[in-house]
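S.K.: Residue numbers (our numbering), protein chains in the order written: chain A, 1 to 271; chain B, 1 to 271.
My structure is below; once you've seen it, I'll send some questions.
Number of protein chains: 2
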Amino acid sequence: MNELDLIELILHETSAYVKAKYAGRTRLQVHEKRGANDLLTEVDVAVQDLIVNRIKNSFPTDAVIAEEEGLDQHPASPPSRCWVIDPIDGTQNFLRGLFPAFGISIAFVREGAISAAGIAMPITQDVYLAERNCGATRNTHPLQVSRHGDLGRARVEVDFSNPEDREFTLESLGRVIHAAGELRCKGAATVALCAIAAAEAEAYVHVGLHPWDYAAGQLIVEEAGGTASRLDGSPLALFDGKEGILISNGAVHNALLAQLSMPHDPVRAPE
Amino acid sequence: MNELDLIELILHETSAYVKAKYAGRTRLQVHEKRGANDLLTEVDVAVQDLIVNRIKNSFPTDAVIAEEEGLDQHPASPPSRCWVIDPIDGTQNFLRGLFPAFGISIAFVREGAISAAGIAMPITQDVYLAERNCGATRNTHPLQVSRHGDLGRARVEVDFSNPEDREFTLESLGRVIHAAGELRCKGAATVALCAIAAAEAEAYVHVGLHPWDYAAGQLIVEEAGGTASRLDGSPLALFDGKEGILISNGAVHNALLAQLSMPHDPVRAPE
Numbered sequence: 001m002n003e004l005d006l007i008e009l010i011l012h013e014t015s016a017y018v019k020a021k022y023a024g025r026t027r028l029q030v031h032e033k034r035g036a037n038d039l040l041t042e043v044d045v046a047v048q049d050l051i052v053n054r055i056k057n058s059f060p061t062d063a064v065i066a067e068e069e070g071l072d073q074h075p076a077s078p079p080s081r082c083w084v085i086d087p088i089d090g091t092q093n094f095l096r097g098l099f100p101a102f103g104i105s106i107a108f109v110r111e112g113a114i115s116a117a118g119i120a121m122p123i124t125q126d127v128y129l130a131e132r133n134c135g136a137t138r139n140t141h142p143l144q145v146s147r148h149g150d151l152g153r154a155r156v157e158v159d160f161s162n163p164e165d166r167e168f169t170l171e172s173l174g175r176v177i178h179a180a181g182e183l184r185c186k187g188a189a190t191v192a193l194c195a196i197a198a199a200e201a202e203a204y205v206h207v208g209l210h211p212w213d214y215a216a217g218q219l220i221v222e223e224a225g226g227t228a229s230r231l232d233g234s235p236l237a238l239f240d241g242k243e244g245i246l247i248s249n250g251a252v253h254n255a256l257l258a259q260l261s262m263p264h265d266p267v268r269a270p271e
Numbered sequence: 001m002n003e004l005d006l007i008e009l010i011l012h013e014t015s016a017y018v019k020a021k022y023a024g025r026t027r028l029q030v031h032e033k034r035g036a037n038d039l040l041t042e043v044d045v046a047v048q049d050l051i052v053n054r055i056k057n058s059f060p061t062d063a064v065i066a067e068e069e070g071l072d073q074h075p076a077s078p079p080s081r082c083w084v085i086d087p088i089d090g091t092q093n094f095l096r097g098l099f100p101a102f103g104i105s106i107a108f109v110r111e112g113a114i115s116a117a118g119i120a121m122p123i124t125q126d127v128y129l130a131e132r133n134c135g136a137t138r139n140t141h142p143l144q145v146s147r148h149g150d151l152g153r154a155r156v157e158v159d160f161s162n163p164e165d166r167e168f169t170l171e172s173l174g175r176v177i178h179a180a181g182e183l184r185c186k187g188a189a190t191v192a193l194c195a196i197a198a199a200e201a202e203a204y205v206h207v208g209l210h211p212w213d214y215a216a217g218q219l220i221v222e223e224a225g226g227t228a229s230r231l232d233g234s235p236l237a238l239f240d241g242k243e244g245i246l247i248s249n250g251a252v253h254n255a256l257l258a259q260l261s262m263p264h265d266p267v268r269a270p271e
């Protein structure tokens with residue numbers, strides 16, 4: 001089994017599990033991580049454990065970087081083979097969502113480049129997959145980004161971050177918020193990025209993400225014909241220590257970069 | 001058949017129709033109304049016609065106010081019996097949505113007061129109903145708003161409006177955006193209001209809505225225990241000519257009003 005096959009297998013297994021847990025979400029144990037709006041449930045942990053176990057069974061010596069439980073380190077020089085995982089991107093939505101926008105995200109990274117990736121949306125049971133230079137699919141159907149290039153008519157997904165980062169977020173995104181056609185904020189990077197790949201939105205901007213938030217989505221968008229960069233226009237490299245991302249259909253990319261008055265891209269403080 | 005029974009019957013019929021049309025949405029004719037981001041499809045028109053016909057069959061002399069096709073007048077003194085309809089609230093999402101957040105909204109208004117209301121979410125096939133003084137339900141299960149009273153931990157849904165109204169929207173909502181715990185923007189009032197009624201969010205703020213956008217949702221939230229007002233704190237009356245609305249679980253209402261620095265509530269220009 002190659003890496004993409006393994007990703008697909010794991011996503012189907014975990015997606016069904018998460019959908020079942022969603023039905024009983026009011027009975028879940030919830031913990032706060034770094035603040036009142038940064039939540040962790042037993043489902044995040046169980047899904048991550050399941051994913052890590054499946055990977056270790058097939059590729060025992062590969063490294064794993066993931067959001068929860070002590071696997072959340074991202075070194076400047078990653079191992080030559082590593083996996084980047086977010087067991088549930090959008091935990092808040094998982095716990096409370098009317099339109100439950102959350103995804104399971106798995107990327108395989110070889111020599112620092114994302115080479116295979118998948119995202120599952122448990123509630124709709126959609127599975128998005130991509131392999132470098134081989135295109136992206138949703139439920140096996142090929143995906144192609146939109147060609148809309150007019151920012152004033154584009155649908156742009158933003159994120160307002162936690163209250164502690166709100167001021168900086170608004171300063172950074174102010175001109176984007178003024179210039180975009182439609183604005184949406186669903187609170188899950190995976191959902192925003194899959195929407196761009198499927199031509200349902202044009203761009204996603206976030207000032208502070210970890211590699212596991214966007215690794216899989218980045219490859220899916222790029223393989224559907226889109227573009228990814230840092231907020232200063234530099235290439236989006238998973239382990240460069242920067243936090244801001246702009247991922248788009250390509251056609252609105254430069255217009256958005258021009259609205260992001262970022263003299264320096266945000267850089268993560270050493271952890 | 002009373003008014004609520006009729007609403008429920010119509011919602012089930014139209015919800016199934018809209019779900020089927022959603023599957024073929026890329027083949028729909030789309031027209032611009034007041035601008036590039038204000039869209040109308042043949043489905044909006046067909047659903048409105050169907051709803052109006054069903055109402056006229058049962059209550060031939062009742063007045064109807066609705067979003068499309070010349071029924072979009074809202075008089076200062078409405079007739080003693082009238083219906084307020086939005087055939088598809090969230091047309092943009094209907095056309096493009098990954099998590100398709102749009103609703104069908106029907107309210108029955110007696111002597112100016114909303115007395116029965118329903119909203120259907122076609123994709124999830126959920127039906128929300130409310131009757132004044134009799135509570136609100138989702139798929140027959142009673143609804144109760146959340147009790148969260150801390151704005152810094154509350155989930156608040158906002159809307160950034162069309163680009164033409166963006167500047168005014170940001171000025172009006174700036175302090176709310178800074179103060180809220182989680183911010184979401186799904187672009188459909190019906191979806192936001194049903195989320196509040198179901199304790200999945202705490203509040204919704206919008207600076208410029210028509211009565212058909214919120215009439216049904218307002219009653220559903222109020223009957224689930226929530227509160228509705230204009231942005232200046234005055235009672236939310238459908239035909240008072242004002243446009244801004246704040247609808248919440250009640251517990252965060254005053255904290256939000258304090259952040260809305262609105263000396264005068266926006267008033268609609270005569271149409």
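Beta carbons: idealized from backbone N, C-alpha and C, even for Gly.
These figures come from a predicted structure and were not determined experimentally.
Quick check on Leu-170 of chain B - is its C-beta less than 8 Å from some C-beta in chain A?
M.R.: One-based indexing of the second sequence puts residue 170 of chain B at position 170. True, the Cβ-Cβ gap to chain A drops below 8 Å.
S.K.: Please check if any C-beta of chain B sits within less than 8 Å of the C-beta of Ala-101 of chain A.
M.R.: As a first step, residue 101 of chain A must be located in the first sequence, where it is residue number 101. Ala-101 of chain A counts as touching chain B.
S.K.: Tell me His-141 of chain B's beta-bridge partners as DSSP assigns them.
M.R.: Translated into positions along the second sequence, residue 141 of chain B becomes position 141. Note: His-141 of chain B sits in a beta bridge opposite B:Arg-138.
S.K.: In this structure, what does DSSP give as the bridge partners for Leu-40 of chain A?
M.R.: Position 40 of the first sequence, counting from 1, holds the residue named residue 40 of chain A. Paired residue(s): A:His-31.
S.K.: When the cut-off is 8 Å and only beta carbons count, does Val-30 of chain A lie next to chain B?
M.R.: By 1-based counting over the first sequence, the position of residue 30 of chain A is 30. So, not an interface residue.
S.K.: Excluding the 5 residues preceding and the 5 following Phe-94 of chain A in the sequence, name in chain order all residues of the same chain whose CB lies nearer than 6 Å to its CB.
M.R.: Locating residue 94 of chain A in the first sequence gives position 94, where the first residue counts as 1. Closer than 6 Å at the Cβ level, and outside the excluded window around Phe-94 of chain A, lie Ile-88 and Phe-102.
S.K.: Residue range of the beta strand (DSSP E) that Pro-87 of chain A falls in?
M.R.: Along the first sequence, one-based indexing puts residue 87 of chain A at 87. Note, Pro-87 of chain A: beta strand (DSSP E), 81-89.
S.K.: Between which two residues does the beta strand (DSSP E) carrying Ser-172 of chain B extend?
M.R.: The residue you call residue 172 of chain B lines up with position 172 of the second sequence. No beta strand (DSSP E) contains Ser-172 of chain B, which is instead part of the alpha helix (DSSP H) from 166-179.
S.K.: Between the C-alpha atoms of Gly-217 of chain B and Pro-211 of chain A, what's the straight-line distance to the nearest angstrom?
M.R.: Your numbering for residue 217 of chain B matches position 217 in the second sequence. Your numbering for residue 211 of chain A matches position 211 in the first sequence. The alpha-carbon atoms of Gly-217 of chain B and Pro-211 of chain A are separated by roughly 39 Å.
S.K.: Assign Ala-117 of chain B to one of three DSSP states: helix, strand, or coil.
M.R.: Start at 1 with the first residue of the second sequence, and residue 117 of chain B comes out as number 117. DSSP places Ala-117 of chain B in strand when its eight states are reduced to three.
S.K.: Pull the bridge partners of Gly-244 of chain A from the DSSP assignment, please.
M.R.: For the purposes of this step, residue 244 of chain A is taken as residue 244 along the first sequence, with counting starting at 1. BP columns for Gly-244 of chain A are empty, so no partner.
S.K.: Within 8 Å of any Cβ in chain B, is that where the Cβ of Pro-270 of chain A sits?
M.R.: As a working note, residue 270 of chain A is residue 270 in the first sequence. Because the pLDDT of Pro-270 of chain A is 45, which lies under 50, any placement of that residue in the model is unreliable, and the number read from its coordinates should be weighed accordingly. No, because no Cβ of chain B sits closer than 8 Å to the Cβ of Pro-270 of chain A.
S.K.: Count the CB pairs spanning the stretch 249-263 of chain B and the stretch 172-182 of chain B that are closer than 8 Å, and state whether there are at least three.
M.R.: Counting Cβ pairs under 8 Å, three or more are found: they touch.
S.K.: Please list, in chain order, all residues of the same chain as Tyr-214 of chain B whose beta carbon is under 6 Å from its beta carbon, the five residues on each side excluded.
M.R.: Position 214 of the second sequence, counted from the start, is the residue given in the question as residue 214 of chain B. Only Ala-189 and Ile-245 meet the Cβ criterion.
S.K.: Are Ala-192 of chain A and Lys-186 of chain A closer than 8 Å when you measure CB to CB?
M.R.: Locating residue 192 of chain A in the first sequence gives position 192, counting from the first residue. Locating residue 186 of chain A in the first sequence gives position 186, counting from the first residue. Going by C-beta atoms, Ala-192 of chain A is nearer than 8 Å to Lys-186 of chain A.
S.K.: Helix, strand or coil for Ala-154 of chain B per DSSP?
M.R.: Within the second sequence, the letter at position 154 stands for residue 154 of chain B. Residue state, collapsed to three classes: coil.
S.K.: Return the residue from the list B:Gln-125, B:Arg-81, B:Asp-126 and B:Gln-144 that minimises the CA-CA distance to Phe-108 of chain B.
M.R.: Counted from its first residue, the second sequence places residue 108 of chain B at position 108. Closest option to Phe-108 of chain B, Cα to Cα, is B:Arg-81.
S.K.: Enumerate in chain order the residues of its own chain whose CB-to-CB distance from Pro-270 of chain A is below 8 Å, with the five nearest sequence positions on each side excluded.
M.R.: The count along the first sequence starts at 1 and reaches residue 270 of chain A at position 270. Because Pro-270 of chain A sits at a pLDDT of 45, beneath the cut-off of 50, its placement in the model cannot be relied upon, and the following sentence gives the value as read from the coordinates. Nothing listed; no residue qualifies.
S.K.: Beta strand (DSSP E) containing His-206 of chain B: first to last residue?
M.R.: For the purposes of this step, residue 206 of chain B is taken as residue 206 along the second sequence, with counting starting at 1. Residues 203-206.
S.K.: Would you check if the distance between the CB atom of Val-43 of chain B and the CB atom of Lys-21 of chain B is smaller than 8 Å?
M.R.: The residue given as residue 43 of chain B occupies position 43 in the second sequence. The residue given as residue 21 of chain B occupies position 21 in the second sequence. Yes, these two residues count as a Cβ contact at 8 Å.
S.K.: According to DSSP, simplified to helix, strand and coil, what is Arg-147 of chain A?
M.R.: Reading the first sequence from its first residue, position 147 is the one you call residue 147 of chain A. In this structure, Arg-147 of chain A counts as coil in the three-state DSSP scheme.
S.K.: Distance cutoff 8 Å, beta carbons only. Does Gly-97 of chain B sit that close to anything in chain A?
M.R.: As a first step, residue 97 of chain B must be located in the second sequence, where it is residue number 97. For Gly-97 of chain B, the answer is yes, since a Cβ of chain A falls inside 8 Å of its Cβ.
S.K.: What does Gln-125 of chain B reach in chain A if we use C-beta pairs closer than 7 Å?
M.R.: Taking the first residue of the second sequence as position 1, residue 125 of chain B is located at position 125. Going along chain A, no residue has its Cβ under 7 Å from Gln-125 of chain B, so there is no contact; the nearest lies around 13 Å.
S.K.: Under 8 Å, do Ser-161 of chain B and Val-207 of chain B count as touching if we go by C-beta distance?
M.R.: Here residue 161 of chain B refers to the residue found at position 161 when the second sequence is read from its first residue. Here residue 207 of chain B refers to the residue found at position 207 when the second sequence is read from its first residue. Result yes, Cβ atoms of Ser-161 of chain B and Val-207 of chain B sit closer than 8 Å.
S.K.: Compare the C-beta of Leu-256 of chain B with all C-beta atoms of chain A and state if any pair is closer than 8 Å.
M.R.: Within the second sequence, numbered from 1, the residue matching residue 256 of chain B stands at position 256. No, its Cβ sits nowhere closer than 8 Å to a Cβ of chain A.
S.K.: Exposed or buried, which one is Arg-147 of chain A when buried takes at least 16 other CB atoms within 10 Å?
M.R.: Looking up residue 147 of chain A in the first sequence gives position 147. With fewer than 16 other Cβ atoms inside 10 Å of its own Cβ, Arg-147 of chain A counts as exposed.
S.K.: Hey, could you find the ends of the beta strand (DSSP E) Glu-309 of chain A is sitting in?
M.R.: What the structure shows of chain A is the stretch from 1 to 271, and residue 309 of chain A is not part of that stretch, so it cannot be assessed.
S.K.: Mind checking whether Leu-238 of chain B and Val-84 of chain B have CB atoms under 8 Å apart?
M.R.: Taking the second sequence and counting its residues from 1, the one referred to as residue 238 of chain B is at position 238. Taking the second sequence and counting its residues from 1, the one referred to as residue 84 of chain B is at position 84. A contact, by the Cβ cut-off of 8 Å.
S.K.: Label Ala-76 of chain B either buried or exposed according to how many other C-beta atoms from any shown protein chain fall within 10 Å of its C-beta, with 16 as the threshold for buried.
M.R.: Along the second sequence, one-based indexing puts residue 76 of chain B at 76. It is exposed - the Cβ of Ala-76 of chain B has fewer than 16 other Cβ atoms within 10 Å.
S.K.: Closer than 8 Å, CB to CB, is Glu-222 of chain B near chain A or not?
M.R.: What you label residue 222 of chain B is simply residue 222 of the second sequence in a count that begins at 1. Not closer than 8 Å to any Cβ of chain A, the Cβ of Glu-222 of chain B fails to qualify, so no.
S.K.: Can you name the start and end residues of the alpha helix (DSSP H) that Thr-190 of chain B belongs to?
M.R.: The count along the second sequence starts at 1 and reaches residue 190 of chain B at position 190. 189-197 is the span of the alpha helix (DSSP H), which, as asked, contains Thr-190 of chain B.
S.K.: At a Cβ cut of 7 Å, what residues of the stretch 118-152 of chain B count as close to chain A, listed as they run along the chain?
M.R.: Gly-152
S.K.: Looking at the C-beta of Gln-92 of chain B, does it have a partner C-beta in chain A at a distance below 8 Å?
M.R.: What you label residue 92 of chain B is simply residue 92 of the second sequence in a count that begins at 1. Chain A contact via Cβ: present.
S.K.: Between the stretch 1-9 of chain B and the stretch 108-126 of chain B, do at least 3 Cβ pairs fall closer than 8 Å?
M.R.: yes
S.K.: Out of A:Arg-96, A:Pro-60 and A:Val-252, point me to the one whose CA is closest to Val-145 of chain A's CA.
M.R.: Taking the first residue of the first sequence as 1, we reach residue 145 of chain A at position 145. The candidate whose alpha carbon is nearest that of Val-145 of chain A is A:Val-252.
S.K.: Compare the C-beta of Glu-182 of chain B with all C-beta atoms of chain A and state if any pair is closer than 8 Å.
M.R.: Here residue 182 of chain B refers to the residue found at position 182 when the second sequence is read from its first residue. Yes - at least one Cβ of chain A is within 8 Å of the one on Glu-182 of chain B.
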